[in-house]
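Protein chains in written order, with the numbering used here: chain A, 21 to 247; chain B, 18 to 244; chain C, 351 to 597. In this text, a Cβ means the ideal position worked out from N, Cα and C, and glycines have one as well. Here the structure is a predicted model, which is why all the values come from computation and not from measurement. Scroll down for the structure; my scribbles are underneath it.
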Amino acid sequence: MKKLTSAPALFAAAGAFLAAGLLLAFLYAPVDASSMGFSQKIFYYHAPIAETALVAFGIAFVAAILYLRDPDPKWDRLSYVSVRLGLLFSVMVMVTGMIWGKAAWDAWWAWEPRLTTFLIVCFLYTAYFVLRQVVEEESRRATYAAVFAIVAFIDVPITFFATRYMPEGLHPVVIRAGDSGMEGSMFLSFMISMAGMTLLLAALVRADVAAARLKDEIDDLKTRIGG
Amino acid sequence: MGFRQFMAILRKDLIRELRTREMLVSMFLFVMLALVIFHYAFGVDEDTDLTYFTGGMLWVTFIFSALLGLNRSFAQEKDEQCLDGLLLCPVDRVTIFFAKMTGNLVFLLIIQAVSVPVFTLFFIERSYLADIGLFLLVLLLADLGICTIGTLLATISMNTRARDLLLPIVFLPLIVPVLIAAVSATTGIFADGADLGDLAARLGFLAAFDAVFMVAAYGTYDFAIGE
Amino acid sequence: MDASGRDLSDAPLEIEVDGLRKTFGRREVLRGLSFSLERGGFLVMFGPNGAGKTTTLRVLATLLTVGQGSVRVVGHDVREDPMPVRRAVGLISHSPMLYLDLTAYENLRFYADMYGLEDREERITELLERLELSHRRYDVVRTFSKGMRQRLAIARAILHRPRVLLLDEPHSGLDPRAVDILDGLLGEIRDEHTFVMVTHHIQKGLELATRLMIVDGGKIVWEHGAGVAPDTFNSAYREHVQEGSVL
């Protein structure tokens with residue numbers, strides 16, 4: 021089992037799925053019937069990346085709770101790594117979202133719920149890193165970061181809800197491709213991409229956590245030698 | 018005993034602030050300054066009706082002035098090392114949270130009691146006196162959200178290096194949903210008169226936000242304040 | 351035996367520390383401290399700066415969490431059951447922990463409420479008199495001199511009649527009158543109270559102690575009962591404390 025879930029194996033699996041997804045998206049799934057046409061295909065990456073980002077933040081949330089119950093540095097590492105990856109993926113959501121927007125409606129930005137939520141999510145989790153940066157003492161750093169990771173994750177669905185249902189005026193929920201039922205071939209391509217993206221996250225988490233642990237061990241040794 | 022302690026902390030903070038007026042004065046000055054700046058920022062002539070924008074103006078102002086107050090409320094404890102004295106006492110950490118939160122709420126309400134009439138005078142062209150009760154309810158619920166999140170985060174940030182910088186960075190992304198709901202509800206009341214359907218939704222949302230984060234604060238406050 | 355010659359060997363243990371370790375980030379400040387103190391005992395801790403003495407006091411006061419090991423005060427584990435510990439413990443440290451913009455009365459009233467004192471008003475009046483601060487009762491603490499602030503801090507610390515008093519260099523910063531008041535007070539409540547004091551004041555320490563300890567580098571390097579002559583102590587200190595271990 022260990023072999024199967026090791027980082028290289030996961031990366032390989034992720035690569036396979038993502039490549040397959042790419043091929044399917046371009047060669048197998050039909051071109052979108054609506055006005056978006058070919059540019060709609062970015063959806064096969066945009067949506068999985070978005071959902072994977074949220075999964076990453078969810079992992080951070082759970083790891084944070086576990087850390088507060090039992091202050092083992094491994095939970096802090098997992099939380100920290102997951103937030104970092106989640107942030108990375110979130111930035112990708114914004115980028116793909118903006119590319120799609122430009123291609124489909126000739127506008128770099130629209131204040132629609134998903135994009136807006138992810139924008140705020142980026143600010144939120146960037147704040148997580150600023151927080152870690154300014155806490156001087158390590159044990160407190162992990163504790164405070166955990167508290168923030170918990171509160172932040174709770175805020176994500178709330179923010180989405182607010183941006184979707186609250187604002188006055190015209191805020192069309194433009195990106196509808198995921199809502200209306202997808203026909204079979206589109207659905208398959210989407211699910212393959214989704215699986216690939218999730219595997220990629222798993223692989224990255226594995227690799228990053230291992231790297232973080234290594235770094236911590238080196239720092240420990242340095243301190244002990246340095247005296 | 019818990020109530021007696023709650024009142025003791027609250028009384029202490031109120032006496033302190035009323036005696037020195039440091040926080041209140043800076044918050045008040047900020048609000049007045051904001052008023053002037055908004056007037057010039059919109060760059061419109063005398064006849065333009067800014068009623069529709071006043072909700073937004075007010076809440077942005079309140080949020081930033083709340084930040085001023087939140088920073089101060091813990092800065093004093095920390096600087097005079099009174100936090101140790103407080104933590105030595107046989108008091109539930111959560112009691113400390115509620116007392117601090119209530120104190121912040123009181124100060125925010127005082128500021129609002131002054132700034133709302135002033136902003137109304139300057140910017141609002143129609144009377145919303147009929148809906149004043151509902152308006153106050155929106156105010157209270159949104160304030161609760163601001164003070165709950167704000168107190169939790171201020172507790173964390175007071176122990177960090179760049180505490181005045183950190184608090185806005187962690188606070189603002191989290192408070193966006195409250196901002197959206199409050200502005201939407203307030204603008205509705207100012208501009209068109211209260212629409213009970215819409216308003217009920219927003220009030221419900223604010224109440225839910227408050228409840229969720231109060232529970233979150235209750236669960237994590239021990240970690241935020243201890244060592 | 352304590353200072354008045356009573357036999358303490360049967361007294362219950364008020365403080366039990368076993369294998370206490372505490373790390374701040376990467377720095378291990380306490381490296382396996384173990385000692386116990388019976389009720390009525392007076393432990394004095396000496397040692398260079400940074401040895402971990404203040405940290406130990408703060409752990410006993412529940413201001414710091416235990417890293418590893420166990421710490422029991424007045425029969426309660428500080429980690430599992432901190433509330434009874436807090437009720438029974440008073441701390442006098444470098445900072446007076448007073449609200450500068452509140453009056454002396456308001457400060458004491460605050461702490462009295464926090465500790466749930468039944469006889470709040472009488473106790474406040476009694477202590478202000480004892481510490482010769484009655485005439486400044488309604489003055490804001492910001493107007494107090496340093497010595498007066500320390501005196502008020504003593505009042506704050508013993509307000510709730512704690513069984514265990516933790517003193518972190520209590521004589522530093524006190525004017526001679528305040529030193530007399532403090533010593534007098536300590537003498538009065540000596541019986542039935544347990545003390546842990548950190549000090550650099552060797553003579554006072556040796557006089558008051560029923561137990562002596564030198565702490566260095568987070569460990570106890572020397573221990574002794576009461577009745578140690580200053581010369582003996584000085585040579586022990588020189589022998590066991592590493593040079594240049596201050597920082």
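Helix, strand or coil at residue i according to DSSP, with G and I counted as helix
{"i": "GLY534/C", "result": "helix"}
{"i": "MET433/C", "result": "helix"}
{"i": "GLU388/C", "result": "strand"}
{"i": "PHE494/C", "result": "coil"}
{"i": "PHE396/C", "result": "strand"}
{"i": "GLU378/C", "result": "strand"}
{"i": "ILE195/A", "result": "Its pLDDT being 49, under 50, ILE195/A is placed unreliably in this model, and the value from its coordinates should be taken loosely. Three-state result, ILE195/A: coil."}
{"i": "ASP566/C", "result": "strand"}
{"i": "GLN93/B", "result": "helix"}
{"i": "GLU573/C", "result": "strand"}
{"i": "ARG561/C", "result": "strand"}
{"i": "ILE365/C", "result": "strand"}
{"i": "THR18/B", "result": "Reading off the sequence, residue 18/B comes out as Met, not Thr. Three-state DSSP puts MET18/B in coil, outside helix and strand."}
{"i": "ASP90/A", "result": "coil"}
{"i": "ASP463/C", "result": "helix"}
{"i": "ARG152/A", "result": "helix"}
{"i": "SER420/C", "result": "strand"}
{"i": "THR373/C", "result": "strand"}
{"i": "LEU190/A", "result": "Note on LEU190/A: pLDDT 42, under 50, position unreliable in the model; no value is reported."}
{"i": "THR544/C", "result": "strand"}
{"i": "SER26/A", "result": "coil"}
{"i": "PHE37/A", "result": "helix"}
{"i": "SER200/A", "result": "Low per-residue confidence applies at SER200/A: pLDDT is 48, beneath 50, and the placement is therefore not dependable, though the value from the model is reported in the following sentence. Three-state DSSP puts SER200/A in coil, outside helix and strand."}
{"i": "ASP101/B", "result": "helix"}
{"i": "HIS485/C", "result": "helix"}
{"i": "ALA67/B", "result": "The question names Ala, yet the displayed sequence has Leu at residue 67/B. Here LEU67/B sits in coil by DSSP."}
Chain-ordered chain B contacts of residue i [CB-CB under 9 angstroms]
{"i": "ARG429/C", "result": "Within 9 angstroms Cβ-Cβ: nothing; ARG429/C doesn't reach chain B, min ~11 angstroms."}
{"i": "THR544/C", "result": "Near THR544/C there are no residues of chain B at all, since even the closest Cβ is about 17 angstroms away, more than 9 angstroms."}
{"i": "MET433/C", "result": "PRO107, VAL108 and ASP109"}
{"i": "TYR164/A", "result": "ILE173, SER174, ASN176, THR177, PHE240 and ALA241"}
{"i": "THR309/C", "result": "Only positions 351 to 597 of chain C appear in the structure, and residue 309/C is not among them; the question remains open."}
Partners in chain A for residue i, counting only beta-carbon separations shorter than 7 angstroms
{"i": "GLY375/C", "result": "GLU157, GLU158 and SER159"}
{"i": "ALA245/B", "result": "Missing from the structure shown is residue 245/B; chain B here goes from 18 to 244 and no further."}
{"i": "LEU103/B", "result": "Those do not exist, as LEU103/B stays about 18 angstroms from chain A at its closest Cβ, beyond 7 angstroms."}
{"i": "ALA179/B", "result": "VAL154"}
{"i": "VAL14/B", "result": "Residue 14/B lies beyond the residue range present for chain B, which begins at 18 and ends at 244; the question has no answer from this structure."}
{"i": "LEU183/B", "result": "VAL150, LEU151 and VAL154"}
Distance between beta carbons of residue j and residue i, contact taken as under 8 angstroms
{"i": "ALA51/B", "j": "THR71/B", "result": "So it is not a contact: roughly 12 angstroms between Cβ atoms."}
{"i": "ARG480/C", "j": "LEU535/C", "result": "7 angstroms"}
{"i": "MET464/C", "j": "ALA503/C", "result": "Not quite, the Cβ-Cβ distance comes to about 15 angstroms (not below 8 angstroms), so this is no contact."}
{"i": "LEU84/B", "j": "LEU184/B", "result": "6 angstroms"}
{"i": "PHE210/A", "j": "TYR100/A", "result": "Not a contact, Cβ separation roughly 31 angstroms."}
{"i": "GLY568/C", "j": "GLU378/C", "result": "6 angstroms"}
{"i": "HIS590/C", "j": "ILE552/C", "result": "Incorrect: roughly 15 angstroms between the Cβ atoms, too far for contact."}
{"i": "VAL171/A", "j": "LEU191/B", "result": "7 angstroms"}
{"i": "PHE138/A", "j": "MET114/A", "result": "6 angstroms"}
{"i": "LEU107/A", "j": "ILE79/A", "result": "Incorrect: roughly 13 angstroms between the Cβ atoms, too far for contact."}
{"i": "ASP541/C", "j": "GLY390/C", "result": "7 angstroms"}
Cross-chain neighbours of residue i in chain C, by beta carbon under 7 angstroms
{"i": "GLU97/B", "result": "TYR449 and LEU450"}
{"i": "THR243/A", "result": "ARG376"}
{"i": "ALA208/B", "result": "Near ALA208/B there are no residues of chain C at all, since even the closest Cβ is about 43 angstroms away, more than 7 angstroms."}
Contact list for residue i against chain B, beta-carbon separation under 8 angstroms
{"i": "TYR465/C", "result": "CYS106 and PRO107"}
{"i": "VAL167/A", "result": "LEU169, ILE173, THR237, PHE240 and ALA241"}
{"i": "ALA454/C", "result": "Per Cβ cutoff of 8 angstroms: no residues; ALA454/C is ~13 angstroms from chain B at best."}
Residue i: contacting residues in chain C (beta-carbon distance under 8 angstroms)
{"i": "THR78/B", "result": "Correct list: empty, because the minimum Cβ distance to chain C is about 27 angstroms."}
For this session: Decide yes or no for the touch test of the region 172–183 of chain A against the region 181–201 of chain B: beta carbon pairs closer than 8 angstroms, at least 3 of them.
Result: By the Cβ test, the region 172–183 of chain A is in contact with the region 181–201 of chain B, since at least three Cβ pairs between them sit closer than 8 angstroms.
For this session: Inspect the CB distances between the region 218–235 of chain B and the region 98–106 of chain B and report whether three or more fall short of 8 angstroms.
Result: no
Exercise. Between the region 134–144 of chain A and the region 162–169 of chain B, do three or more beta carbon pairs fall short of 8 angstroms?
Worked result: The way I'd put it, the region 134–144 of chain A doesn't touch the region 162–169 of chain B; fewer than three beta-carbon pairs between them come closer than 8 angstroms.
For this session: State whether the region 34–46 of chain A contacts the region 207–216 of chain A, with contact taken as three or more CB pairs (one from each stretch) at a distance under 8 angstroms.
Result: yes
Exercise. Going along the chain, which unbroken runs of the alpha helix (DSSP H) with 4 or more residues stay wholly within the region 105–140 of chain A?
Worked result: none
Exercise. Between the region 116–126 of chain B and the region 363–375 of chain C, do at least 3 Cβ pairs fall closer than 8 angstroms?
Worked result: no
Exercise. Below 8 angstroms, can you find three or more Cβ-Cβ pairs linking the region 511–522 of chain C to the region 542–556 of chain C?
Worked result: yes
Exercise. Per the contact definition of three or more C-beta pairs closer than 8 angstroms, is the region 157–169 of chain A in contact with the region 237–244 of chain B?
Worked result: yes
Exercise. Is it a yes or a no for the region 444–459 of chain C touching the region 480–499 of chain C, going by three-plus beta-carbon pairs under 8 angstroms?
Worked result: yes
For this session: Note down, one range per segment and in chain order, each alpha helix (DSSP H) of at least 4 residues found wholly within the region 161–216 of chain B.
Result: Complete alpha helix (DSSP H) runs here, min 4: 180–209.
For this session: State whether the region 205–222 of chain B contacts the region 148–161 of chain B, with contact taken as three or more CB pairs (one from each stretch) at a distance under 8 angstroms.
Result: Yes, the region 205–222 of chain B is in contact with the region 148–161 of chain B.
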